[in-house]
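Written out below as structure tokens is the structure these notes cover.
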Amino acid sequence: MSNPLSDFLRDYLTVGIFGSLGFVLVGLLLFIAWLIRPDRRQAQKYIAYESGVDPIGDMWSQTQVRYYIFALLFVMFDVEAVFIFPWATQLEVFGWFGLVEMTLFILILLLGLVYAWRKGVLKWA
Amino acid sequence: MELIWLIPAFPVLGFVLLAALGRRIGDPGAGALGTLAVVGSFAASVAVALTLAQEPEGSRQVTQTLWAWIPADSFQVSFGLLADELSLMMCLFITGVGALIHVYAIGYMKGDPDYARFFTYLNLFIASMLLLVLGDNLILTFLGWEGVGACSYLLISFWFTEPANASAGKKAFVTNRIGDFGYMLGTFLVFVTFGTIDYLQIDQAAPGVSAGTATAIALLFFLAATGKSAQLPLFVWLPDAMAGPTPVSALIHAATMVTSGVFLLTRLSPILEAAGWANDLIAWVGAITALLAAGAAVAQNDIKKVLAYSTVSQLGFMFIAIGSQNYVGALFHMITHAFFKALLFLGAGAVIYSMAHEQDMRRYGQLRRYLPVTFATMFIGWLAISGIPPFSGFWSKDEILAGSFQVQPAGQLLWVAGIIAAVLTAFYMTRLMLMTFAGGTEQWRTPAAESLPEVPGDDHTDDHTDAHAGAHDDHHAHHLTPEHNPKDAPVIMLAPLVILAVFAALAGLLNLPFADQLHFLDHWVEPVLEGQSGLPSAAVQWGLALVSIVGALLGVWFSWRVYQQHRVDRAKLEQPVLAHAWYIDDSYARVAGGPGEAAFQGLADFDHEVVDGAVRGVGGVTQQAGEAVRGIQTGFVRSYAFGIGIGAVALVLFAVVRMSL
Amino acid sequence: MSGPSVLAAALQDVLIEPAPGFEVPSIDWAGIAPNLILMLGSILLLTVVSVLKRRVPSWFAPVWTISAAVAAGCAVVPLWQRFADTGPETLVGGAVGLDGFSLFATVVVCIAVVFVALLLADYLPRESLESPEWYVLVLLSASGAVTMASADDLIVLFVGLEILSVAAYVMTAMHRRRVTSQEAGLKYFVLGAFSSAFLLYGIALTYGATGSTNLAEIQAFLAGDVVTQNALLLGGLAFMLVGLGFKVGAVPFHSWAPDVYQGAPTPISGYMAGAVKLGAFAALLRVFVVAFGPAYRQEWQPLVAVLAVLSLVVGAFAAISQTNVKRMLAYSSINHAGFILLGVLAASAAGTESALFYLLAYTFMAAGSFAVVTVVGRTGEHRQSLEDYRGLASVRPGLALVFTVLLLSQAGVPLTVGFLAKLYVVTAAVESGFDWVAVVAMLTAVVSAFMYLRIVATMYFADAPEGAPALRIPAATGVALGLSVVGVLLLGIVPGPVSDWANEAVAQLVVAAP
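Chains as they are written, first to last, in numbering that gives the first Met the number 0: chain Z, 0 to 124; chain Y, 0 to 660; chain E, 0 to 513.
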């Protein structure tokens with residue numbers, strides 16, 4: 000009686016049981032807390048928690064659009080790093096080939112930086 | 000023999016050159032170039048025909064495959080030209096008459112701002128028509144078929160761009176689509192039945208086909224033919240076609256286009272032979288069309304419109320011949336008709352040209368004094384079409400009528416219908432000649448308001464005429480003043496008339512009935528045609544011929560009494576008493592904007608509701624369905640993503656569930 | 000010891016020959032030359048324009064782009080010879096295929112690049128958007144399309160798809176002053192990323208089921224083994240179909256297409272209809288017909304049949320209710336996608352051949368049609384509705400005639416390439432036993448013919464409105480229009496050489512890695 004579909008789904012049964020146990024546990028704890036805690040409402044308690052500092056202004060504050068470009072450049076190099084770390088651990092396996100490949104990769108990204116620089120993105124004004 | 004491809008290549012080349020450089024060459028270079036292309040094509044046709052004639056009879060078929068066009072495995076279509084007796088005969092008169100019309104147009108279109116464009120279209124028209132007749136398979140013929148249709152819309156709308164007339168253009172389009180539908184289904188059925196669409200292979204396989212299949216194929220192609228060759232019920236577009244410049248009318252009505260239906264059925268004669276009652280249907284549709292159209296022609300005042308109905312009527316004769324399996328008769332009449340109808344149209348054009356573009360015959364009269372050459376040539380054309388011996392029309396019409404006489408069943412009835420139509424033909428053509436060239440008074444001398452009796456619905460005509468005139472007012476003044484002194488058109492227009500007149504007079508020589516060795520046409524096309532039926536015995540033929548001569552003379556005489564001697568009030572003939580019998584005439588008139596609209600409003604509404612409504616209905620239903628689909632497209636990314644998600648889930652479920660079942 | 004020598008010693012230490020377990024793939028540079036030319040063309044162009052102090056002249060970028068495309072097209076010739084001599088090969092460690100299919104697709108992509116470069120050369124100055132980045136992105140996306148079309152590995156395919164798509168997202172949004180352009184770009188991006196995730200998930204599931212991402216290995220695995228994790232495999236199949244179906248604009252994954260085609264700068268719309276569709280269809284053909292074809296045909300054919308029928312019907316019916324011509328063309332491209340899916344559905348050599356031919360034909364038709372829309376739209380692209388085409392025949396007879404030919408071709412009228420393209424795919428579908436889908440296709444062809452003829456009728460039968468600004472056809476656009484019409488007619492009249500070529504191209508598609 001080994002239907003391939005049910006075999007396949009049975010693997011996910013574990014995940015399902017684990018997930019629902021988690022839900023039940025958290026729900027149970029919250030329920031207990033609700034049962035036993037005292038309930039005294041004050042205006043102060045409804046202010047957003049900002050590590051002890053009083054929050055100022057709107058939640059939808061606007062950010063200078065230039066940060067967006069920086070964020071983009073940051074992501075570019077972040078992604079670069081994501082590739083470089085695993086590559087570094089395996090450099091001995093890849094040898095020269097790996098070095099050349101990574102150089103090419105960095106060069107192309109560098110070209111992007113050069114382009115951004117030439118377009119004046121790196122100047123704040 | 001290798002030169003077959005030259006026949007269509009010349010006009011194609013002319014078309015390309017004119018399309019590219021036409022505007023630079025201008026007037027009259029573009030006309031000369033276009034004419035030269037057709038003349039070249041004619042020369043090529045003659046050369047090929049002469050070579051072919053030297054071959055022994057029975058092996059006069061040459062296929063020249065230019066390239067493989069659709070090289071699919073199961074469905075091979077080559078771009079091949081088939082030169083045999085039939086197609087070459089068609090080529091000869093298409094290019095011959097076509098060349099004359101081109102020459103004529105050089106003069107007629109002089110000074111038109113779109114001079115070069117006109118010849119561009121004309122050459123394309125000729126090229127399409129040649130492709131139609133030379134194609135060695137049904138698909139290639141269909142290409143020419145569509146090309147001819149497309150060119151005719153282009154040419155009809157050449158001066159005809161007013162929005163009021165757009166619906167007329169649409170009507171021509173729709174009726175031709177219905178015909179095309181028949182063609183396509185017919186082609187499909189042929190392919191399914193024979194596994195091929197090559198004419199030669201069809202010819203070989205045709206004798207083995209069952210009667211039912213043959214009938215179905217014949218009916219489908221007959222539907223196609225009624226569209227192009229303007230038979231009941233799909234003739235409504237032809238009156239529109241005469242709204243274009245006159246050389247175009249001549250080309251459409253005489254040398255090309257309308258003959259394509261007759262050609263197609265002749266080409267498929269091996270199938271028709273097995274088609275049983277479809278032949279009777281063809282003959283009777285032809286006879287009824289011939290009668291009704293001849294009747295319609297009696298009541299027209301626009302000179303070109305008389306000729307337009309006359310064409311429909313004459314085509315009816317050809318279909319009578321096809322239905323009685325008298326293909327030679329059909330071809331014979333096609334040729335003679337090409338000559339005399341081209342002559343008459345071009346002659347009418349010359350009259351219109353001389354009369355400051357006035358087309359109403361009620362404003363003509365006594366023109367023989369002013370236009371002697373035009374009169375003389377049209378006189379010959381009139382004798383030919385009226386069936387007066389020894390002019391060409393008599394011989395061909397007589398052969399058709401003789402052939403119809405012995406059709407089983409009810410051939411005599413068919414013959415009677417034909418004779419009546421012939422009498423009517425003689426009548427209305429005499430009327431045309433008398434009103435134009437005789438009639439006693441020069442009508443245009445009196446101001447328009449007095450000379451034209453008020454006829455209900457007449458203003459409709461005027462609308463069209465004005466719209467028509469407005470479109471080209473800048474180059475063709477439409478002012479027929481009482482002081483106007485008409486004179487013959489320039490030589491370049493008269494020369495084609497004279498040449499055509501000679502042929503219209505003598506074309507009967509192609510197939511004189513007296514002795515077997517005089518049947519040149521018979522012998523020439525015999526190998527192509529299957530199931531050509533014989534004619535009645537000589538004695539019967541003599542009798543029938545005598546009746547038809549008497550009939551023709553009767554028609555002429557009666558017309559003379561009415562329009563020359565005014566013994567009979569013409570209004571009695573052209574008014575409702577006669578017109579009531581032909582409801583269809585006024586449907587015509589309504590479509591083309593003729594007189595009598597008010598009297599037949601009901602019929603017109605029917606036409607409006609049913610024909611137009613059908614056109615709109617098809618579009619409307621599809622549009623509504625489209626609106627429903629369009630409602631899904633809201634513009635929100637979230638709903639799009641939701642849709643994609645739903646689709647993905649459905650697809651995955653479908654795949655997985657299918658497997659586990 | 001001095002600094003450099005320490006470094007040298009360290010390098011010496013590290014950079015020995017690669018470890019025994021790792022095999023360095025041999026890269027056949029000549030074999031991937033066309034793709035390299037496109038890719039390097041893009042990168043070099045970017046380098047040049049960012050390094051040069053002065054602005055480069057405006058003709059430079061289009062000329063560069065066209066040269067690169069032509070060079071890539073020429074590079075195909077010796078490779079084709081090689082393919083004809085030695086049969087298909089697989090290069091770069093089994094990742095990239097050198098076969099007739101990929102070479103044919105490369106040529107089509109190059110044609111699309113030439114068209115879009117010609118159109119952009121006039122469009123960008125008109126809209127005051129001149130910058131070389133457009134051309135960089137065009138070449139980059141072309142490289143992506145070629146990568147997809149020659150991918151022998153699902154990972155390579157995905158990389159190609161992303162290169163192609165990301166460039167397309169940006170180009171869609173690059174008309175700075177048109178809000179619709181940016182809206183379209185954003186929609187395309189969000190939904191595209193969404194669908195890419197499906198594709199990736201499908202690839203992962205397929206890998207899980209077959210143990211490989213290499214198409215040849217998948218094929219071999221499916222041929223040899225009874226797959227135990229069948230649901231995994233079928234799920235993978237379905238998810239990949241979702242991802243690729245999105246890219247080709249098949250219903251129900253089409254919803255982006257009308258908005259994006261309408262919003263994108265018009266030359267880019269034409270390019271997307273040509274190159275982007277080609278890349279996606281090439282991938283679809285490679286994955287489904289080649290890798291899953293022999294063993295799993297029965298499993299995916301119903302899915303594709305559903306997509307094909309939906310695309311045909313929705314594309315045709317939605318198109319006729321549109322009043323915006325550009326949007327009509329967008330829906331008609333969905334209808335065309337349905338037709339090409341017929342070729343995929345056939346899962347045969349004839350089907351693949353017909354799909355390739357259709358893609359080539361559609362590249363010409365789409366480029367020309369969108370070129371007309373570009374011209375009629377005038378500066379700012381405000382004139383796209385059917386109303387703006389009224390009486391075009393009397394104002395610009397040449398342009399109207401060109402558009403008429405292109406529309407008739409899209410409708411499938413004989414003597415144009417559209418007729419043959421439709422005939423081939425329908426024949427292929429019928430030969431594979433999908434008669435009913437073929438019938439649906441022919442019926443929708445009639446429906447969509449109504450739409451095409453509606454445009455034609457508007458151009459010819461309606462009056463030109465008074466006071467419309469004059470219509471100018473710039474030189475490069477004129478060349479593009481001429482090329483498209485010549486292509487449509489030439490291929491329609493003498494299709495033999497090209498269809499033979501397509502026939503040879505698909506003779507043998509994928510070979511196992513050596």
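Each residue gets a CB set at the ideal place from its N, CA and C atoms; glycine is no exception. Bear in mind the structure is a predicted one, so any value in this text is a computation, not a measurement.
If we cut at 9 angstroms on Cβ distances, does Z/Gly-94 have a partner in chain E?
-> Yes, because at least one Cβ of chain E sits closer than 9 angstroms to the Cβ of Z/Gly-94.
Z/Gly-94 by DSSP, collapsed to three states: which one?
-> Coil, per DSSP.
Using the beta-carbon count (16 or more within 10 Å), is E/Val-55 buried or exposed?
-> Label assigned to E/Val-55: exposed.
What runs of the beta strand (DSSP E), each 3 residues or longer, lie entirely inside the stretch 402-442 of chain Y?
-> Fully enclosed beta strand (DSSP E) runs of 3 or longer: not present.
Quick one: does the C-beta of E/Leu-128 sit closer than 8 angstroms to a heavy atom of the ligand FAD?
-> With respect to the ligand FAD, the structure shown offers nothing to examine, as it has no ligands at all.
Excluding the 5 residues preceding and the 5 following E/Val-5 in the sequence, name in chain order all residues of the same chain whose CB lies nearer than 7 angstroms to its CB.
-> Answer for E/Val-5: no residue qualifies.
So with Cβ pairs under 9 angstroms, would you call E/Asn-502 a contact of chain Z?
-> Not one beta carbon of chain Z lies nearer than 9 angstroms to the beta carbon of E/Asn-502.
If we ignore side chains and look at the alpha-carbon of each, how far apart do Z/Phe-96 and E/Ala-7 end up?
-> Each residue's Cα considered, the two are about 17 angstroms apart.
Range covered by the beta strand (DSSP E) that runs through E/Gly-96 | Residues 95-97.
Can you tell me which of the three DSSP states E/Glu-430 falls into?
-> Look at E/Glu-430 here: in three-state DSSP terms it is helix.
Using a Cβ-Cβ cut-off of 9 angstroms, state whether E/Ser-66 counts as contacting chain Z.
-> So, not an interface residue.
Name the one or two DSSP bridge partners that E/Glu-88 has.
-> According to DSSP, which records beta bridges pairwise, E/Glu-88 is partnered with E/Leu-97.
How is Y/Asn-175 classed by DSSP in three states: helix, strand or coil?
-> DSSP places Y/Asn-175 in helix when its eight states are reduced to three.
Taking any Cβ of chain Y, which residues in the stretch 183-203 of chain E have a Cβ under 8 angstroms from it, in chain order?
-> Correct list: Leu-185, Lys-186, Val-189, Leu-190, Phe-193, Ser-194, Phe-197.
Quick one: what's got a C-beta closer than 8 angstroms to E/Glu-182's C-beta in the same chain, skipping five residues either side?
-> Around E/Glu-182: Asp-258, Gly-262.
Return the Cβ separation of E/Leu-341 and E/Val-404 in integer angstroms, given the expectation that the two are a contact with Cβ distance under 8 angstroms.
-> Not confirmed; about 24 angstroms, so no contact.
Any idea what DSSP makes of Y/Ala-355, helix, strand or coil?
-> Correct three-state label for Y/Ala-355: coil.
Would you verify that the beta carbon of Y/Ser-638 is, or is not, closer than 9 angstroms to some beta carbon of chain E?
-> Chain E contact via Cβ: present.
Any Cβ of chain Y within less than 9 angstroms of the Cβ of E/Val-493?
-> Look at E/Val-493: its C-beta is under 9 angstroms from a C-beta on chain Y.
Three-state class that DSSP yields for Y/Leu-650 in the structure shown = Y/Leu-650: helix per DSSP, three-state reduction.
Exposure label - Z/Tyr-66; buried when at least 16 CB within 10 Å = By the neighbour-count definition (other C-beta atoms within 10 Å, threshold 16), Z/Tyr-66 is an exposed residue.
Roughly how many angstroms lie between the CA atoms of E/Val-50 and Z/Val-120, to the nearest whole one?
-> Put simply, the backbone Cα of E/Val-50 is about 15 angstroms away from that of Z/Val-120.
Any idea what DSSP makes of Y/Ala-588, helix, strand or coil?
-> With a pLDDT of only 45 at Y/Ala-588, under the threshold of 50, the placement of this residue in the model should not be trusted; the figure read from the coordinates follows. Reduced to three states, the DSSP call for Y/Ala-588 is helix.
What is the rounded straight-line gap between the Cα of E/Val-416 and the Cα of E/Leu-385?
-> So the two alpha carbons sit approximately 25 angstroms from each other.
Buried versus exposed, by CB contacts within 10 Å (16 or more), Z/Met-75 | By the neighbour-count rule (16 or more Cβ atoms within 10 Å), Z/Met-75 is not buried but exposed.
From what residue to what residue does the beta strand (DSSP E) around E/Gln-409 run?
-> Segment 396-410 is the alpha helix (DSSP H) holding E/Gln-409; no beta strand (DSSP E) there.
Counting only runs that start and end within the stretch 441-499 of chain E, where is the alpha helix (DSSP H) found for 4 or more residues in a row?
-> 474-492, all fully within the stretch 441-499 of chain E.
Ordered along the chain, which non-local residues of its own chain (more than five positions away) have a Cβ less than 7 angstroms from that of E/Val-135?
-> Cβ within range, chain order: Ser-41, Leu-44, Leu-45.
Buried or exposed: which applies to Y/Asn-484, given that a residue is buried once 16 or more other Cβ atoms fall within 10 Å of its Cβ?
-> That one is exposed.
Which term fits Z/Ser-19, buried or exposed, when burial requires 16 or more other beta carbons within 10 angstroms of its beta carbon?
-> Exposed: under 16 other Cβ atoms inside 10 Å.
Answer yes or no: does any C-beta atom of chain E fall closer than 9 angstroms to that of Z/Arg-9?
-> For Z/Arg-9, not one C-beta of chain E is nearer than 9 angstroms to its own C-beta.
At least one CB of chain E closer than 9 angstroms to the CB of Z/Lys-118: is that the case?
-> For Z/Lys-118, the answer is yes, since a Cβ of chain E falls inside 9 angstroms of its Cβ.
Cβ neighbour criterion (16 or more within 10 Å) applied to Y/Ser-323 = The residue is buried, with at least 16 neighbouring Cβ atoms inside 10 Å.
For Y/Asp-197, which of helix, strand or coil comes out of DSSP?
-> Reduced to three states, the DSSP call for Y/Asp-197 is strand.
Local Cβ density within 10 Å of Y/His-565, reported as buried at 16 or more and exposed below that = With fewer than 16 other beta carbons inside 10 angstroms of its own, Y/His-565 counts as exposed.
Can you list the residues of chain Z that E/Phe-21 reaches, using a CB-CB cut of under 7 angstroms?
-> The answer, in chain order, is Val-92, Phe-93.
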